[in-house]
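What follows is one structure encoded as structure tokens, with my remarks underneath.
Protein chains: 2
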Amino acid sequence: MATIYEVSKLAGVSLATVSRVINKNPRVSDKTRQKVLDAMAELGYRPNSIAQSLASNISNSVGILVSELHGPFFGQMMAGIESELRAAGKHVIITTGHSEEDKEKDGIEFLISRNCDAIILHVEAVSDAYLIDLCKGKMPVYFMSRLVEGLNDHCISLDNELGGYLATQSVIAQGHSTIAYIAGPQFKADAKDRLAGHKRALAESNIPFSDTLYFEGDFKETGGSDGLNHFLESKQEFSALICANDEMASGAITYARERGFSLPKDLSIIGFDNIIFARHTYPKLTTIDNPVNLMGTMAAKLVLKNIYKQKNMSITHSFEPTLITRDSLICKS
Amino acid sequence: MATIYEVSKLAGVSLATVSRVINKNPRVSDKTRQKVLDAMAELGYRPNSIAQSLASNISNSVGILVSELHGPFFGQMMAGIESELRAAGKHVIITTGHSEEDKEKDGIEFLISRNCDAIILHVEAVSDAYLIDLCKGKMPVYFMSRLVEGLNDHCISLDNELGGYLATQSVIAQGHSTIAYIAGPQFKADAKDRLAGHKRALAESNIPFSDTLYFEGDFKETGGSDGLNHFLESKQEFSALICANDEMASGAITYARERGFSLPKDLSIIGFDNIIFARHTYPKLTTIDNPVNLMGTMAAKLVLKNIYKQKNMSITHSFEPTLITRDSLICKS
DNA sequence: TTGTAGGCGTTATCAA
DNA sequence: TTGATAACGCCTACAA
Chain L
1 MATIYEVSKL
11 AGVSLATVSR
21 VINKNPRVSD
31 KTRQKVLDAM
41 AELGYRPNSI
51 AQSLASNISN
61 SVGILVSELH
71 GPFFGQMMAG
81 IESELRAAGK
91 HVIITTGHSE
101 EDKEKDGIEF
111 LISRNCDAII
121 LHVEAVSDAY
131 LIDLCKGKMP
141 VYFMSRLVEG
151 LNDHCISLDN
161 ELGGYLATQS
171 VIAQGHSTIA
181 YIAGPQFKAD
191 AKDRLAGHKR
201 ALAESNIPFS
211 DTLYFEGDFK
221 ETGGSDGLNH
231 FLESKQEFSA
241 LICANDEMAS
251 GAITYARERG
261 FSLPKDLSII
271 GFDNIIFARH
281 TYPKLTTIDN
291 PVNLMGTMAA
301 KLVLKNIYKQ
311 KNMSITHSFE
321 PTLITRDSLI
331 CKS
Chain P
1 MATIYEVSKL
11 AGVSLATVSR
21 VINKNPRVSD
31 KTRQKVLDAM
41 AELGYRPNSI
51 AQSLASNISN
61 SVGILVSELH
71 GPFFGQMMAG
81 IESELRAAGK
91 HVIITTGHSE
101 EDKEKDGIEF
111 LISRNCDAII
121 LHVEAVSDAY
131 LIDLCKGKMP
141 VYFMSRLVEG
151 LNDHCISLDN
161 ELGGYLATQS
171 VIAQGHSTIA
181 YIAGPQFKAD
191 AKDRLAGHKR
201 ALAESNIPFS
211 DTLYFEGDFK
221 ETGGSDGLNH
231 FLESKQEFSA
241 LICANDEMAS
251 GAITYARERG
261 FSLPKDLSII
271 GFDNIIFARH
281 TYPKLTTIDN
291 PVNLMGTMAA
301 KLVLKNIYKQ
311 KNMSITHSFE
321 PTLITRDSLI
331 CKS
């Protein structure tokens with residue numbers, strides 16, 4: 001592979017001049033620039049990004065930590081981040097945390113050791129205190145889908161409490177008053193917030209929150225089936241089921257049918273996140289939209305603005321969920 | 001951040017010695033090694049991976065190009081690749097090609113300019129000739145889910161023809177003889193192979209292939225609904241529908257119900273890929289399993305073996321699809 | 001507008 | 001077993 005040195009020789013100019021045209025420094029005469037460009041083309045020259053990084057202390061890469069690489073939620077998020085960053089010539093280094101504290105810390109270490117210019121984290125298991133500490137370090141850190149106290153400027157987050165409220169309010173509006181709730185893992189902030197919103201909506205309508213109609217799931221399909229099974233075993237009456245995410249709602253729908261339910265007549269179900277697949281359940285899932293793709297691009301813009309000093313980036317830190325009405329939630333008969 | 005130089009000073013040894021302990025070179029006395037280790041700990045030293053890369057010409061990163069970051073198929077694939085590579089201390093740089101020739105080439109360029117040690121490609125739009133040419137270059141290249149003529153050692157692929165055959169054979173075995181087929185985009189090799197398998201099974205049972213029962217979809221949900229709509233409009237009779245992937249099958253299922261079908265009684269449907277969600281359609285989707293996650297780890301192992309010279313890596317280049325029986329395919333009544 | 005020279009933090013080749 | 005010292009390919013004052 002040709003180096004800057006060979007280009008300079010062929011073009012008959014100095015290293016510095018070649019470097020200038022590579023970096024689009026305007027202080028080069030058009031004539032010289034053309035000579036250099038020609039030489040680069042002739043040699044098939046490509047800058048060595050590693051050497052650039054070492055010399056400039058900028059790696060043009062941003063680290064991303066997500067819980068999982070698969071799954072509709074993270075897919076949308078990564079797609080949003082990557083497309084925005086890629087368009088700016090930055091690349092993403094992606095790793096996973098699997099929602100486990102050790103693995104998340106491990107992943108962060110990994111990213112830091114890779115000399116990213118910044119890292120965007122979707123962490124769930126690690127504590128706020130740890131993150132606050134992390135932010136004191138040299139590596140710029142940003143958070144997706146998580147609001148860390150005192151670090152608002154570093155966060156792109158969804159108002160999960162409002163989403164939880166919206167879901168429950170919609171259910172109540174359809175005349176339901178016996179409502180089961182399958183929550184996400186309560187060590188996850190968004191799961192906790194959604195539950196809080198649920199309780200607020202309940203309280204607002206003077207419906208007591210009942211422990212026997214509450215189940216803590218795992219945010220996966222199994223959480224939905226396990227939860228529903230739990231409620232069914234307990235012989236509680238309920239006409240609606242709220243799931244803290246769409247995967248659990250899918251699991252619940254599938255399981256409900258296995259148990260002989262006719263949906264949505266026998267049971268109304270609402271989800272959360274509006275993953276792509278939500279419109280392909282039967283009945284089509286009524287859910288709360290989580291604009292995670294948009295939030296991904298926003299996180300990327302935040303990095304572009306703060307780290308790479310790009311202008312004209314208007315940042316929205318906080319997003320609001322909205323109700324998506326489909327067929328799985330109907331009036332209580 | 002501390003450098004190797006500061007460590008050497010604190011430990012009272014030379015740069016070279018510190019470098020040796022970093023690289024686990026055994027030609028260092030235990031005593032010296034300990035001194036160095038202590039110094040590193042005291043300074044919180046972390047090797048600068050960029051400098052390492054520049055000096056050693058190894059970046060410890062492998063580039064991945066997938067069509068999309070979202071979507072159940074690519075999620076599984078990336079998860080497989082990443083977990084295997086990450087365990088070996090390598091990192092992945094992920095970018096997208098969107099199944100468009102220009103963008104795929106662009107992504108490959110991008111990855112090459114990033115000095116990856118190798119790249120793993122899931123490309124669909126680019127020609128075999130281009131890939132063969134690419135392989136002549138300096139960058140080691142591997143292919144996921146695609147068999148390039150003459151580059152078998154570089155490929156991890158699925159026998160799509162067999163999968164297509166299996167699907168159709170299963171449908172025929174259930175007594176169906178009027179069978180509609182929604183294919184994937186025919187510029188994609190796997191879509192073409194699946195169709196070939198379909199035709200072979202048809203021929204084997206002396207069922208003529210009918211153009212009027214063929215539709216070329218887009219591998220997305222819309223392909224399923226569009227295709228089914230097309231067949232319905234054409235007033236053809238058919239008792240079974242084969243979709244070349246699960247997303248299209250989902251779309252078809254949803255659309256069939258909108259058109260008043262009772263599934264699977266009125267229409268049997270089979271998919272391909274066995275994405276996670278396939279068990280949550282209604283009826284649960286009978287499909288062909290595509291072990292893409294496993295194939296991802298295999299691609300990673302291939303790189304680990306060939307590029308990073310890891311031992312004990314047994315490689316399987318070719319995978320076989322299997323039938324997954326659920327509820328969407330039943331006997332012709 | 002262009003060139004010179006030092007430095008970025010390691011690895012690797014020789015010697016010792 | 002250890003230590004000098006020259007790469008690695010590029011950026012960036014500083015000088016001209």
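Chains as they are written, first to last, in UniProt numbering: chain L, 1 to 333; chain P, 1 to 333.
We put the beta carbon where it would ideally sit given N, CA and C, even for glycine.
Asked	Found
Positions along the stretch 189–223 of chain L whose CB lies within less than 7 Å of some CB in chain P	221
Residues near residue 240 of chain L in its chain [Cβ-Cβ closer than 6 Å; skip 5 each side]	171, 176, 179 and 268
Start-end ranges of the beta strand (DSSP E) lying completely within the stretch 177–245 of chain P, minimum 3 residues	179–183, 214–216 and 240–243
Interface flag, residue 96 of chain P vs chain L, CB-CB below 8 Å	yes
Simplified DSSP assignment, three categories, for residue 165 of chain P	helix
Secondary structure of residue 153 of chain P, DSSP reduced to three states	helix
Boundaries (first-last residue) of the beta strand (DSSP E) holding residue 95 of chain L	91–96
Residues bridged to residue 286 of chain L [DSSP beta-bridge criterion]	L:270
Range covered by the alpha helix (DSSP H) that runs through residue 316 of chain P	Premise fails: residue 316 of chain P is in no alpha helix (DSSP H) and is neither H nor E.
Stretch-stretch touch, CB-based, cutoff 8 Å, three pairs: the stretch 318–329 of chain L with the stretch 150–160 of chain L	yes
Same chain, Cβ closer than 6 Å to residue 201 of chain P, neighbours up to 5 away in sequence not counted	165, 168 and 169
For residue 280 of chain P and residue 138 of chain L, the rounded distance between their alpha carbons	45 Å
Own chain partners of residue 264 of chain L with C-beta closer than 8 Å, once the 5 adjacent residues on each side are dropped	283, 327, 328, 329 and 330
Local conformation of residue 45 of chain L per DSSP, three classes	coil
Under the three-state DSSP convention, the category residue 121 of chain P falls into	strand
Bounding residues of the alpha helix (DSSP H) (the contiguous stretch that carries residue 73 of chain L)	72–87
Beta-carbon separation (whole angstroms), residue 39 of chain P vs residue 10 of chain P, contact threshold 8 Å	4 Å
Through-space distance from residue 182 of chain P to residue 294 of chain P, alpha-carbon basis	27 Å
Touching by the beta-carbon criterion (3+ pairs, under 8 Å), the stretch 32–50 of chain L and the stretch 62–78 of chain L	no
Residue-chain proximity (residue 282 of chain L, chain P), Cβ-Cβ < 8 Å	yes
Under 9 Å from the C-beta of residue 134 of chain P: neighbouring residues of chain L	Residues of chain L passing the Cβ test: none, with the nearest at roughly 14 Å.
Which of helix, strand or coil DSSP assigns to residue 251 of chain P	helix
Under 8 Å from the C-beta of residue 250 of chain P: neighbouring residues of chain L	277 and 280
8 Å Cβ cutoff met for residue 45 of chain P and residue 79 of chain P	no
Residues of the stretch 68–91 of chain P with Cβ closer than 8 Å to any Cβ of chain L, in chain order	68, 69, 70, 71, 72, 74, 75, 76, 78, 79, 82, 83, 86 and 91
Residue 4 of chain P (DSSP reduced to helix, strand or coil)	helix
Close beta carbons around residue 77 of chain L, own chain, < 6 Å, minus the five adjacent residues each side	292 and 296
Element boundaries [beta strand (DSSP E), containing residue 14 of chain P]	Premise fails: residue 14 of chain P is in no beta strand (DSSP E) and is neither H nor E.
Sufficient close CB pairs (3 or more, under 8 Å) joining the stretch 219–232 of chain P to the stretch 243–254 of chain P	yes
The stretch 125–145 of chain P in contact with the stretch 102–110 of chain P per 3-pair CB rule at 8 Å	yes
Span of the alpha helix (DSSP H), counted from its first residue to its last, around residue 59 of chain P	Run containing residue 59 of chain P: none; DSSP gives neither H nor E here.
Residue 238 of chain L to residue 195 of chain L span [Cα, whole Å]	18 Å
Beta carbon of residue 88 of chain P nearer than 8 Å to that of residue 308 of chain P	yes
Sequence-distant residues of its chain with Cβ nearer than 7 Å to residue 28 of chain L (five each side left out)	17, 20 and 21
Beta strand (DSSP E) segment containing residue 141 of chain L, residue limits	141–144
Segment limits, beta strand (DSSP E) that includes residue 275 of chain L	Element bounds for residue 275 of chain L: n/a, residue is neither H nor E.
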